[in-house]
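Visitor: In my numbering, the protein residues as written are 269 to 508. Beta carbons are placed, not taken as given, at the ideal position from N, Cα and C, and that holds for glycine. Pasting in a structure now, in structure tokens, and then I'll have a few things to ask.
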């Protein structure tokens, strides 16, 4: 079984969810999480489009259709990748191609990885993408860049399926929840050191989450990393 979680953020059409289930099953991916209300979707249409992959829908987990709901949907994941074709200062500064992400995901330590797909019409919002530690960009024609939701899922799952080979790792990566907590602690130590007297705290928090999320730290490494910043803050405040 592919150790990947597919997360659909606020999907609109039931038929797209059904097609996503089928695309996931093609690559032996079975865990689906949705930020949306199950009652808002047409189960009959989903199962019809899913063909023999309707069990993925029936075992899907649902979360509130909001930014906080998305945060809860990926809280236990070590890697959270958001799919987007738009980059920029307010979004991720760069993104991986699907095959690059496949190599990255499985060359790191063990731990859950989630791939987040946005709403069919609008994609992921800036705030939703902020929750993700990295971005995935699927190359497509410049004059027609948009992909059907299930096609995007199929492409990325296929690359992951090709790359995946079950094996044991020497350590387990910290979860996204632990990444966020570590980033917050580091930011507080930097505040104590006087780094954010005027502005920049929020941007640095996001930066730290992205860097630490991509690093794939073990619990021991994370504890040592935190201790380093704690010492720096102590030295700075002691001098003052």
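Taking just the CA atoms, how far does residue 447 sit from residue 481?
Guide: Reading the chain shown from its first residue, position 213 is the one you call residue 481. Reading the chain shown from its first residue, position 179 is the one you call residue 447. So the two alpha carbons sit approximately 6 Å from each other.
Visitor: Taking 8 Å as the threshold, find out whether the segment 312-320 comes into contact with the segment 269-289 through three or more Cβ pairs.
Guide: With the cut-off at 8 Å, the segment 312-320 and the segment 269-289 touch.
Visitor: Determine the closest residue to residue 279 out of 431, 418, 457, with distance taken between C-alpha atoms.
Guide: As a position in the chain shown, residue 279 is number 11, starting the count at 1. Taking only the C-alpha atoms, the option nearest residue 279 is 418.
Visitor: Residue 305: which of 334, 318, 373, 413 sits nearest, CA to CA?
Guide: Within the chain shown, numbered from 1, the residue matching residue 305 stands at position 37. Among 334, 318, 373, 413, the Cα nearest to that of residue 305 is on 334.
Visitor: According to DSSP, what are the bridge partners of residue 441?
Guide: Indexing the chain shown from 1 puts residue 441 at position 173. The partner list for residue 441 (beta bridge, DSSP) reads 486.
Visitor: Who are the Cβ neighbours of residue 358 in its own chain at under 8 Å, not counting the five residues just before and after it?
Guide: Here residue 358 refers to the residue found at position 90 when the chain shown is read from its first residue. With a pLDDT of only 49 at residue 358, under the threshold of 50, the placement of this residue in the model should not be trusted; the figure read from the coordinates follows. Cβ neighbours of residue 358 within its own chain (closer than 8 Å, five residues either side excluded): 394.
Visitor: Do residue 396 and residue 277 have their C-beta atoms within less than 8 Å of each other?
Guide: As a first step, residue 396 is located in the chain shown; it is residue number 128 there, counting from the start. As a first step, residue 277 is located in the chain shown; it is residue number 9 there, counting from the start. Less than 8 Å separates the beta-carbon of residue 396 from that of residue 277.
Visitor: Can you name, in chain order, every residue of its own chain whose Cβ lies under 8 Å from the Cβ of residue 495, other than the five neighbours on each side?
Guide: If you number the chain shown from 1, residue 495 lands on position 227. Excluding positions up to five away in sequence, the list is empty.
Visitor: Would you check if there are 3 or more beta carbon pairs closer than 8 Å linking the segment 401-414 to the segment 290-301?
Guide: no
Visitor: Going by alpha carbons, who is nearest to residue 341 out of 326, 497, 300?
Guide: In the chain shown, residue 341 corresponds to position 73, counting from 1. For residue 341, the nearest C-alpha among the options comes from 300.
Visitor: Spell out the partners DSSP gives residue 364 in its beta bridges.
Guide: Your numbering for residue 364 matches position 96 in the chain shown. DSSP output for residue 364 lists 404 as bridge partner(s).
Visitor: With DSSP as the reference, label residue 351 as helix, strand or coil.
Guide: The sequence position of residue 351 within the chain shown is 83, counting from 1. Three-state result, residue 351: strand.
Visitor: Between which two residues does the beta strand (DSSP E) containing residue 385 stretch?
Guide: Translated into positions along the chain shown, residue 385 becomes position 117. Looking at the DSSP string, the run of the beta strand (DSSP E) that includes residue 385 is 381-385.
Visitor: Counting along the chain, where does the alpha helix (DSSP H) carrying residue 317 start and finish?
Guide: Position 49 of the chain shown holds residue 317. It spans 311-318 - the alpha helix (DSSP H) in which residue 317 sits, taken as one unbroken run.
Visitor: Going along the chain, which residues of its own chain have a beta-carbon closer than 6 Å to the beta-carbon of residue 319, five neighbours each way excluded?
Guide: Stepping through the chain shown from its first residue, residue 319 is reached at position 51. Excluding residues within five positions, the ones whose Cβ falls inside 6 Å are 290.
Visitor: Name the DSSP bridge partner or partners of residue 277?
Guide: Reading the chain shown from its first residue, position 9 is the one you call residue 277. BP columns for residue 277 point to 303.
Visitor: Would you call the CB atoms of residue 381 and residue 275 closer than 8 Å?
Guide: Residue numbering aside, residue 381 sits at position 113 when the chain shown is read from its first letter. Residue numbering aside, residue 275 sits at position 7 when the chain shown is read from its first letter. Contact: no.
Visitor: Inspect the beta-carbon positions of residue 385 and residue 348 and report whether they are closer than 8 Å.
Guide: In the chain shown, the residue the question calls residue 385 occupies position 117. In the chain shown, the residue the question calls residue 348 occupies position 80. It is not a contact, given that the beta carbons lie outside the stated cut-off.
Visitor: Suppose you measure from the CA of residue 352 to the CA of residue 366; what does that come to, to the nearest Å?
Guide: In the chain shown, residue 352 corresponds to position 84, counting from 1. In the chain shown, residue 366 corresponds to position 98, counting from 1. Their backbone Cα atoms lie some 12 Å apart in a straight line.
Visitor: Should residue 499 be labelled buried (16 or more other beta-carbon atoms within 10 Å of its own) or exposed?
Guide: Start at 1 with the first residue of the chain shown, and residue 499 comes out as number 231. Under this definition residue 499 is an exposed residue.
Visitor: Under a Cβ-count criterion, where at least 16 other Cβ atoms within 10 Å of its own Cβ denotes burial, should residue 468 be classed as buried or exposed?
Guide: The residue you call residue 468 lines up with position 200 of the chain shown. With fewer than 16 Cβ atoms within 10 Å of its Cβ, residue 468 is classed as exposed.
Visitor: Start and end of the alpha helix (DSSP H) containing residue 331?
Guide: The residue given as residue 331 occupies position 63 in the chain shown. From DSSP, residue 331 is part of no alpha helix (DSSP H) but of the beta strand (DSSP E) over 329-331.
Visitor: Excluding the five sequence neighbours on either side, which residues of its own chain have a C-beta within less than 7 Å of the C-beta of residue 454, listed in chain order?
Guide: On the chain shown, position 186 is the one that residue 454 refers to. Only 476, 494, 497 meet the Cβ criterion.
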